[in-house]
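Undergrad: Here it is, the structure, as structure tokens.
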Amino acid sequence: MQGQRIDVVSVKPYPVFLGARLEELGDYLTTRIGAGEHLLVITHPNVGDYYLDTLQKGLGSFIVNTLIVPQGEDEKSLDRLSALTSEAIACGADRKTVVLALGGGVIGDLAGFFASVFMRGMRYVQIPTTLLAMVDSSIGGKVAVNHAAGKNLLGDFYPPLAVWTDFSTLETLPWEEMLNGLAETIKHAVIADEGLLSFIEKHREEIMARKPELYKELTSRSSAVKVRLVSEDETEQSKRMFLNYGHSFGHALEAEVAYQGITHGQGVSIGMVAAAHLAQERGLMSSGEVERLIKLLKGFGLPVTGRGKNPRVLTDLMGADKKNYKGQKVLVLPKGIGQGIVIRDANDEEILRAWDKVI
Ligand code: NAD
Ligand code: ZN
Numbered sequence: 001m002q003g004q005r006i007d008v009v010s011v012k013p014y015p016v017f018l019g020a021r022l023e024e025l026g027d028y029l030t031t032r033i034g035a036g037e038h039l040l041v042i043t044h045p046n047v048g049d050y051y052l053d054t055l056q057k058g059l060g061s062f063i064v065n066t067l068i069v070p071q072g073e074d075e076k077s078l079d080r081l082s083a084l085t086s087e088a089i090a091c092g093a094d095r096k097t098v099v100l101a102l103g104g105g106v107i108g109d110l111a112g113f114f115a116s117v118f119m120r121g122m123r124y125v126q127i128p129t130t131l132l133a134m135v136d137s138s139i140g141g142k143v144a145v146n147h148a149a150g151k152n153l154l155g156d157f158y159p160p161l162a163v164w165t166d167f168s169t170l171e172t173l174p175w176e177e178m179l180n181g182l183a184e185t186i187k188h189a190v191i192a193d194e195g196l197l198s199f200i201e202k203h204r205e206e207i208m209a210r211k212p213e214l215y216k217e218l219t220s221r222s223s224a225v226k227v228r229l230v231s232e233d234e235t236e237q238s239k240r241m242f243l244n245y246g247h248s249f250g251h252a253l254e255a256e257v258a259y260q261g262i263t264h265g266q267g268v269s270i271g272m273v274a275a276a277h278l279a280q281e282r283g284l285m286s287s288g289e290v291e292r293l294i295k296l297l298k299g300f301g302l303p304v305t306g307r308g309k310n311p312r313v314l315t316d317l318m319g320a321d322k323k324n325y326k327g328q329k330v331l332v333l334p335k336g337i338g339q340g341i342v343i344r345d346a347n348d349e350e351i352l353r354a355w356d357k358v359i
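If you want it as structure tokens, here you go:
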């Protein structure tokens, strides 16, 4: 019997507005979806206190409800998804409702996943308010909640209508949260943009002094890397994997302490150094390039070693990485500064040697 042809539906492109203003989102939505529609803002209490009034200034011609989600990674859960469902129904939401995800990666992932499943899908806009969300989690259409069996275990690729990035929201972000985003920014520079690394080196002190004009350029250049890698590979088959640099090692460090006592940025920082040592052993990086990375991370106060850990335990934990393939650890290594490479033949001995250099 002749099989029927099914065309794979390609992931739709969407605009990423860098340097937008919260109060102007309403104007954009009027042109995009029409005035008078029902909007559901999903945010955290603190982010709401800072920015809901400004956002709502521009939403006068819409019907707006706000759902407040407590802070914390634990809220990326099926329980919260269920609670949001009840609250959305109580507000009269239907599949024409547009969700506005106002917050960091937790809100973006949770509200995005909620939008993807509520009544089989509604539209949503990412409004990232952390550096990490601006340069990383709001771009690429990945949405998810966690499960007892693993982080981000239930999720989807579900692109937003748009990403609306207002840099001024960074003014209230605590420094430790900023560091999580900076680690990802340095990651972007190492795997894809040497010029960005030089920019960060040159302006390190101004970045630490939190000069707003610096953040505009830093965030634009860093998110441009993610936009580029993701648009070349929306469903993570090849180049998008570069974004995992530092994460296989970093996630092991985070998992070993059950995600308590080490931030994601700290794990990624040490992880990038470990992967750089492995790259050096394979002749992909010079000692000078590894030193350059270490100096920059240290300059921001990001850790480059994690003393007192057991390399064997960490190597075993890397075996549970979602990116592994057929029992083989898949790693991303830098190739010099400004390029990445995916390796599928890493053996545990060289991984152990890389751990030894950082712990
Ligand atoms: P987060 O969302 O928990 O935000 C960190 C803290 O900052 C929260 O307490 C939040 O209330 C607060 N905050 C947010 N914006 C603020 C502001 N402007 N001023 C003051 N406080 C503010 O953390 P995050 O680092 O943004 O995101 C981490 C999450 O992102 C994780 O769940 C991770 O799995 C996910 N993630 C997803 C992707 C993806 O591609 N979807 C990529 C990377 C990370
Ligand atoms: Zn990360």
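Here my numbering is used: the first residue of the sequence shown is 1, the next is one more, and so on. The beta carbon of each residue, even a glycine, is placed where N, CA and C say it ideally should be. Owing to the predicted nature of the structure, the values given are computational and were not obtained by experimental measurement.
1) Kindly confirm or deny that the region 164–180 and the region 286–294 touch, where touching means at least three C-beta pairs closer than 8 angstroms.
2) Below 7 angstroms CB to CB, which residues in the same chain sit around Asp-156 once its five sequence neighbours on both sides are set aside?
3) Smallest Cα separation from Leu-182: which of Arg-32, Arg-221, Asp-53?
4) Closer than 7 angstroms to a non-hydrogen atom of the ligand NAD - does that hold for the CB of Gly-103?
5) Give me the residue from Asp-74, Glu-73, Asp-53 with the minimum Cα distance to Asn-65.
6) Report yes if the CB atom of Gly-121 is closer than 8 angstroms to the CB atom of His-38, and no otherwise.
7) Rounding to the nearest angstrom, what Cα-Cα distance links Val-41 and Ala-83 in this structure?
8) Can you list, in chain order, the residues of its chain with a C-beta nearer than 7 angstroms to that of Glu-201? Leave out the 5 residues immediately preceding and following it.
9) For Ile-68, name the three-state secondary structure that DSSP assigns.
10) Secondary structure at Ile-343, three-state DSSP: helix, strand or coil?
11) Should His-188 be listed as close to the ligand ZN, given that the test is whether its C-beta is under 7 angstroms from any heavy atom?
12) Our contact map puts Ile-337 next to Val-190 with C-beta atoms below 8 angstroms; I'd like the distance itself, whole angstroms only.
13) I believe Ser-231 touches Lys-323 by the beta-carbon criterion, under 8 angstroms. Please report the beta-carbon distance rounded to the nearest angstrom.
14) For the beta strand (DSSP E) holding Phe-199, just list the boundary residues, first then last.
15) Measuring CB to CB, does Val-358 end up less than 8 angstroms from Gly-299?
16) Write down the C-beta distance between Glu-256 and Val-330 rounded to the nearest angstrom, noting that I regard them as a contact closer than 8 angstroms.
17) Within the same chain, show all residues whose beta-carbon is closer than 8 angstroms to that of Leu-278, passing over the 5 residues directly before and after it, in chain order.
18) Assuming contact is defined by CB atoms lying nearer than 8 angstroms, are Ile-44 and Ile-107 in contact in what I supplied?
19) Helix, strand or coil for Arg-123? Go by DSSP, reduced to three states.
TA: This is what the structure holds:
1) no
2) Your numbering for residue 156 matches position 156 in the sequence shown. Hits under 7 angstroms: Phe-113, Ser-116, Val-143.
3) Locating residue 182 in the sequence shown gives position 182, counting from the first residue. Looking at the Cα atoms, Arg-221 is the closest of the given residues.
4) Position 103 of the sequence shown, counted from the first residue, corresponds to residue 103. Checking the Cβ of Gly-103 against the ligand NAD gives yes.
5) For the purposes of this step, residue 65 is taken as the residue at position 65 of the sequence shown. The option with the nearest alpha carbon to Asn-65 is Asp-53.
6) The residue labelled residue 121 in the question sits at position 121 within the sequence shown. The residue labelled residue 38 in the question sits at position 38 within the sequence shown. The answer is no: Cβ separation not under 8 angstroms.
7) Taking the sequence shown and counting its residues from 1, one reaches residue 41 at position 41. Taking the sequence shown and counting its residues from 1, one reaches residue 83 at position 83. Cα atoms of Val-41 and Ala-83: separation of roughly 15 angstroms, rounded to the nearest angstrom.
8) Locating residue 201 in the sequence shown gives position 201, counting from the first residue. Cβ within range, chain order: Leu-296.
9) Residue 68 sits at position 68 when you count from the first residue of the sequence shown. In this structure, Ile-68 counts as strand in the three-state DSSP scheme.
10) Residue 343 sits at position 343 when you count from the first residue of the sequence shown. Here Ile-343 sits in strand by DSSP.
11) Against the sequence shown, residue 188 aligns to sequence position 188. False, no ligand heavy atom lies under 7 angstroms from that Cβ.
12) The sequence position of residue 337 within the sequence shown is 337, counting from 1. The sequence position of residue 190 within the sequence shown is 190, counting from 1. About 6 angstroms separates the two Cβ atoms, so the contact holds.
13) Locating residue 231 in the sequence shown gives position 231, counting from the first residue. Locating residue 323 in the sequence shown gives position 323, counting from the first residue. In fact, because the Cβ distance is near 20 angstroms, the residues do not count as touching under 8 angstroms.
14) Here residue 199 is taken as the residue at index 199 of the sequence shown, counted from 1. Not the beta strand (DSSP E): Phe-199 falls in the alpha helix (DSSP H), residues 194–202.
15) On the sequence shown, residue 358 is found 358 positions in, with the first residue counted as 1. On the sequence shown, residue 299 is found 299 positions in, with the first residue counted as 1. Result no, Cβ atoms of Val-358 and Gly-299 do not sit closer than 8 angstroms.
16) As a working mapping, residue 256 is identified with position 256 in the sequence shown. As a working mapping, residue 330 is identified with position 330 in the sequence shown. Contact doesn't hold; Cβ gap of about 20 angstroms is too wide.
17) Along the sequence shown, one-based indexing puts residue 278 at 278. Leu-331, Leu-333, Ala-346, Glu-350, Ile-351, Arg-353, Ala-354.
18) Translated into the one-based positions of the sequence shown, residue 44 becomes position 44. Translated into the one-based positions of the sequence shown, residue 107 becomes position 107. The sequence given here places His at residue 44; Ile does not occur at that position. Yes, the Cβ-Cβ distance between His-44 and Ile-107 is below 8 angstroms.
19) Residue 123 sits at position 123 when you count from the first residue of the sequence shown. It is a strand residue.
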